[in-house]
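Undergrad: In my numbering, the protein residues as written are 62 to 378.
Virtual Cβ for every residue (Gly too), placed ideally from N, Cα, C.
Keep in mind that this is a model prediction, so the values were computed, not measured.
In structure tokens form, the structure reads like this:
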């Protein structure tokens, strides 16, 4: 078992063995552990899990979306990235502009009612097409509020001043690498209610030692099966990009969790994954000298990625 998959499997096993059964906001139910930490040495390869296939394209395009400060679905949908659709769609069906069939509780109903699933798929298809082709609709219903990209690139303080956290931290790393203040926060209490989903990965800090850049993420809420594999790879990619921007090598990605949970309808999928052995981790290649602020998905490549097939599981909205 490679060390990246091993660390993830140990987290899954521990939560299943000692976790607490808890109700949650989505009414799905979870098995949860409070407080856990994983460490990934990025010099040993890129931590894209191999015991199930994980889409690097989805991870990279979402991260570029954050880096650009974008909060609208259109860029993601242009890359067929659908991981934020449900939250924008939920806001749309609650608006006076929506005149279609009742979509209340679509996340659960689409799993248990085949006839409703057909309706839901059609409404979601129409919604996505409108985001991609209708500028007015996109502006009104494609925006997710002041989510990650907005906080990273355009934090608004109590005094109304705008602050680019990402650019500032990169400049600080270059000018004062030993500082203990290389921190970016997505948790802006004054703007939580304006977000389609309050940030789960809330705060991250960079640390320079021996010309290597490490990153530690604090994640308040972690969907272990669907979300965490993406979070691991996303912040590892961000560490690579910022290290390159600052003329540094990569060190560790340290992943610290608050509420780490497995949804009750993901347990079978987790157990299937735990039965699998791993492949060697892949490598990341960056095919450009562009700044992190100009990077495109096409500039990035994962090579030598072997994995088991993907495992599907429903998302809790």
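1. Spell out a yes or no on whether the segment 156 to 169 and the segment 100 to 115 are touching, meaning 3 or more CB-CB pairs, one atom from each, closer than 8 Å.
2. Rounded C-beta distance between residue 295 and residue 120? I'm assuming under 8 Å.
3. Report buried or exposed for residue 96, applying the criterion of at least 16 other Cβ atoms within 10 angstroms of its Cβ.
4. Taking residue 86 as the reference, give the member of 300, 144, 284 and 140 with the closest Cα.
5. Hey, residue 310 and residue 365: beta-carbon distance below 7 Å or not?
6. Taking only the alpha-carbon atoms, compute the straight-line gap between residue 212 and residue 344 and give it to the nearest angstrom.
7. Look at the alpha carbon of residue 181 and the alpha carbon of residue 170, and state the distance between them as a whole number of angstroms.
8. Note down the Cα distance separating residue 78 from residue 162, rounded to an integer number of angstroms.
9. For a minimum of 4 consecutive residues, which ranges assigned as the alpha helix (DSSP H) are wholly contained in the segment 112 to 173?
10. To the nearest angstrom, how far is the alpha carbon of residue 320 from that of residue 353?
11. Using only alpha-carbon positions, find the residue among 288, 73 and 136 that is nearest to residue 190.
12. List in chain order: all unbroken alpha helix (DSSP H) runs of 4+ residues lying wholly within the segment 200 to 247.
13. Is there contact between the segment 250 to 263 and the segment 64 to 84, where contact requires at least three CB pairs shorter than 8 Å?
14. What did DSSP end up calling residue 347 once you bin it into helix, strand or coil?
15. Between the C-alpha atoms of residue 109 and residue 282, what's the straight-line distance to the nearest angstrom?
16. For residue 238, collect the residues of the same chain with a Cβ closer than 7 Å to its Cβ; drop the 5 residues on either side in sequence, then sort them by chain order.
17. Taking residue 312 as the reference, give the member of 325, 252 and 298 with the closest Cα.
18. According to DSSP, residue 264 sits in a beta bridge with which residue or residues?
19. Starting from residue 324, trace the beta strand (DSSP E) in both directions and tell me its first and last residue.
20. Which value, in whole angstroms, describes the spacing of the CA atoms of residue 342 and residue 160?
21. DSSP three-state call for residue 185: helix, strand or coil?
22. Just grab the DSSP bridge partners of residue 331 for me.
23. Mapping DSSP to helix, strand and coil, what is residue 86?
24. So, are the CB atoms of residue 267 and residue 243 less than 7 Å apart?
25. Put residue 373 into one of helix, strand or coil per three-state DSSP.
26. Measuring CB to CB, does residue 187 end up less than 7 Å from residue 255?
27. Select from 173, 146 and 220 the residue whose C-alpha is nearest the C-alpha of residue 257.
28. Determine, for residue 102, whether the minimum Cβ-Cβ distance to residues of chain B falls below 7 Å.
TA: Straight from the coordinates:
1. no
2. 5 Å
3. exposed
4. Considering only alpha carbons, the answer is 284.
5. No.
6. If I take the Cα positions, the gap works out to 30 Å.
7. Rounded to the nearest angstrom, the two C-alpha atoms are 9 Å apart.
8. Their Cα atoms are separated by approximately 42 Å.
9. Here the runs fully enclosed are 117 to 128, 134 to 139, 146 to 154 and 167 to 173.
10. 31 Å
11. Residue 136 is the option with its Cα nearest to residue 190.
12. 209 to 214 and 226 to 236
13. no
14. strand
15. 20 Å
16. 269
17. 298
18. 246 and 279
19. First-last of the beta strand (DSSP E) with residue 324: 310 to 324.
20. 48 Å
21. Residue state, collapsed to three classes: helix.
22. According to DSSP, which records beta bridges pairwise, residue 331 is partnered with nothing at all.
23. coil
24. yes
25. coil
26. no
27. The option with the nearest alpha carbon to residue 257 is 146.
28. Of the chains in the structure shown, none is chain B; there is only one protein chain.
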